[in-house]
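Below you'll find the structure, written out as structure tokens, and then a few comments.
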Amino acid sequence: MIEWEYANALALSMAGRVAVTRGAIDALDREQLGSVIDHELGHLAEPRHTRRVRLARLTVVIPFVALGPIVDTFGLWGLGLTFVGVILMSGIARRVGRSMEEHANGHSEDPEVYTRALEAIYRANDAPGILGTGVHPNLYDRMIAAGVTPDWPRPLPPSRWRPRLAMVAALLIAGFGIGFLRLIAYVVTSMAPEASWAAALWGGVQPG
Amino acid sequence: MADWPRVLLVISTLSQVFAVAAMVIVASLVSFAILGPSKRDMKRLDWPERARHTWPARTGGTLTMLGLSMIGILAPILSGPTRLERPWLEILCVGTGWLFATRLRLVQERRLQPDPDAFDRRQFKRGRRAWLIVQYLQSLVIIGLMFLGFVFPGLPFVLIAVPIAAVVVLFAMRGGGIDLAKKLGYASDAPEWLRELVQERSETSGSRFAPST
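Read top to bottom, the protein sequences are chains B and H.
Those letters in the first sequence? Residues 1 to 208, by the numbering used here.
Those letters in the second sequence? Residues 209 to 421, by the numbering used here.
Have a look at this one:
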């Protein structure tokens, strides 16, 4: 049992273990918790090839520890290629994740109880009923498919541009700001390359 | 007599550190200002509507935390001295970005709560640590080693780091994250009734459940 107030559960299929958070125990009744455990046990019953994919998904990230030396050897091309690799891998991981979820969903004995449990989890976590992305299908659609009519209207999906805009703004400000610092150092040291203060401005390293 | 070139060197390097740290802090502030929360009074909203407004702020806040740490890696390369000459500069920039963004994320989380006064920062941080250890132990170690790869590049680093990463992945896959979380007090044995429930359900599902203490 994980000491986290966020309601969640997970299966460690390689170890044959299931963990639930304190938040899930607080948010769900016994029957609902049982249906969530059914789902997680479904992950433990995954076929061998799915477990192999899961294993491959975990081990494929190991070469990324060499990102620094890759950038040293191949420069920005190395960095770019690594990021392309990450994007491709995350696409594959999402697809595999969906098929794993579908397999685990088949293990829930009563879809109605399971979707009610999910509703309680989403409610406790302030998670949106319509997400539009990710491994799990939308809660609202899942409830309808299970024959449960939610007592709340179908919500609009959350904004997708806001987190992206915030991230891009942060990276642009930090990136351009730091690049501007480098430009100032370069211009000043070009004007007086012999002066000790110019070398100091460059951090003690003369520009090549 | 003062060694002026050395004094200037120290001053300029420190000023670069502060300038880079300031950039990271400004970037964090702008990012979190864009993220919101977009509605002022969360208490008045029903959960589906509240979730719609809080979700982008939460996911964006986490993305910003990670993104600004990445900028921390690139900062010393962009700002002048190369990482080989100033590894501590990179560590400082990553640290600044991470510390500031995590603090802002806490402030943001409090504002996203239906009742901000009831928000327990300590419990939130504890829960976040617990989940990171249980589910993302291997990712954390790999990201950490990736950072170190920028500070200590070269083949010797790769020869040490790759086996460490492989061992950690293996450890995490075998449930080492939960065992570690238990040792650190972030997880505990399931109560008897819960273990009985899991056992009961596993008998009907035909899964490979391995009961543990």
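All C-beta atoms, glycine included, are put in the ideal place defined by N, C-alpha and C.
State the DSSP-derived secondary structure class of residue i, mapped to helix, strand or coil.
i	result
Val53 (chain B)	helix
Arg17 (chain B)	strand
Ile2 (chain B)	strand
Ala309 (chain H)	helix
Leu392 (chain H)	coil
Leu276 (chain H)	helix
Asn8 (chain B)	coil
Phe327 (chain H)	coil
Pro47 (chain B)	coil
Leu81 (chain B)	helix
Arg432 (chain H)	In the structure as shown, chain H starts at 209 and stops at 421, and residue 432 (chain H) therefore has no counterpart that could be examined.
Gly190 (chain H)	A question about residue 190 (chain H) goes unanswered here, because the residues of chain H that appear run from 209 up to 421.
Gly177 (chain B)	helix
Pro163 (chain B)	helix
Gly335 (chain H)	helix
At a Cβ threshold of 7 angstroms, is residue i touching chain H?
i	result
Glu101 (chain B)	no
Met143 (chain B)	no
Pro111 (chain B)	no
Val18 (chain B)	yes
Ile87 (chain B)	no
Leu81 (chain B)	no
Gly97 (chain B)	no
Trp4 (chain B)	yes
Asp126 (chain B)	yes
Gly68 (chain B)	yes
Leu28 (chain B)	no
Answer yes or no: does any C-beta atom of chain B fall closer than 7 angstroms to that of residue i?
i	result
Thr421 (chain H)	Since pLDDT at Thr421 (chain H) reaches only 42, below the 50 mark, its modelled position is unreliable, and the value read off the structure follows with that caveat. No - not a single Cβ of chain B is within 7 angstroms of the one on Thr421 (chain H).
Arg329 (chain H)	no
Arg319 (chain H)	no
Trp306 (chain H)	no
Pro371 (chain H)	no
Leu314 (chain H)	no
Gly303 (chain H)	no
Arg409 (chain H)	yes
Phe226 (chain H)	no
Arg403 (chain H)	no
Leu300 (chain H)	no
Pro264 (chain H)	yes
So is the beta-carbon of residue i under 6 angstroms away from any non-hydrogen atom of the ligand FAD?
i	result
Leu388 (chain H)	Here there are no bound small molecules, and the ligand FAD is not part of this structure.
Assuming residue i and residue j are in contact, meaning their beta carbons sit under 8 angstroms apart, how far apart are those beta carbons, in whole angstroms?
i	j	result
Gly23 (chain B)	Glu40 (chain B)	Not confirmed; about 15 angstroms, so no contact.
Arg260 (chain H)	Pro163 (chain B)	Incorrect: roughly 13 angstroms between the Cβ atoms, too far for contact.
Val71 (chain B)	Leu81 (chain B)	Wrong, their Cβ atoms sit about 10 angstroms apart, outside the cutoff.
Leu220 (chain B)	Gln346 (chain H)	Within the shown structure, residues of chain B are numbered from 1 to 208, placing residue 220 (chain B) beyond reach of any answer.
Ile2 (chain B)	Trp339 (chain H)	7 angstroms
Ala7 (chain B)	Ile121 (chain B)	4 angstroms
Ile341 (chain H)	Leu392 (chain H)	7 angstroms
Check whether the stretch 228–248 of chain H touches the stretch 262–278 of chain H, counting contact only when three or more Cβ pairs, one atom from each stretch, lie closer than 8 angstroms.
Here the stretch 228–248 of chain H lies against the stretch 262–278 of chain H, with 3 or more beta-carbon pairs under 8 angstroms apart.
Say whether the stretch 379–391 of chain H touches the stretch 11–30 of chain B, bearing in mind that this needs 3 or more beta-carbon pairs closer than 8 angstroms, one atom from each stretch.
The stretch 379–391 of chain H makes contact with the stretch 11–30 of chain B, as at least three CB pairs between them are under 8 angstroms.
Would you call the stretch 60–80 of chain B in contact with the stretch 143–159 of chain B, where contact means no fewer than 3 C-beta pairs closer than 8 angstroms?
Output reads no: the stretch 143–159 of chain B does not touch the stretch 60–80 of chain B.
Touching by the beta-carbon criterion (3+ pairs, under 8 angstroms), the stretch 45–57 of chain B and the stretch 115–128 of chain B:
They do not touch, by the three-pair rule.
For the stretch 301–318 of chain H against the stretch 326–335 of chain H, are there 3 or more C-beta pairs whose distance is under 8 angstroms?
Taking 8 angstroms as the limit for Cβ pairs, the verdict is that the stretch 326–335 of chain H does touch the stretch 301–318 of chain H.
Quick one: complete alpha helix (DSSP H) runs, 4+ long, within the stretch 94–161 of chain B?
Runs of alpha helix (DSSP H) with 4 or more residues, each lying fully within the stretch 94–161 of chain B, are found at 111–125 and 139–145, listed in chain order.
Evaluate the contact criterion for the stretch 225–233 of chain H versus the stretch 300–312 of chain H: three or more CB pairs, one atom per stretch, below 8 angstroms.
Contact between the stretch 225–233 of chain H and the stretch 300–312 of chain H is present, because at least three Cβ pairs lie under 8 angstroms.
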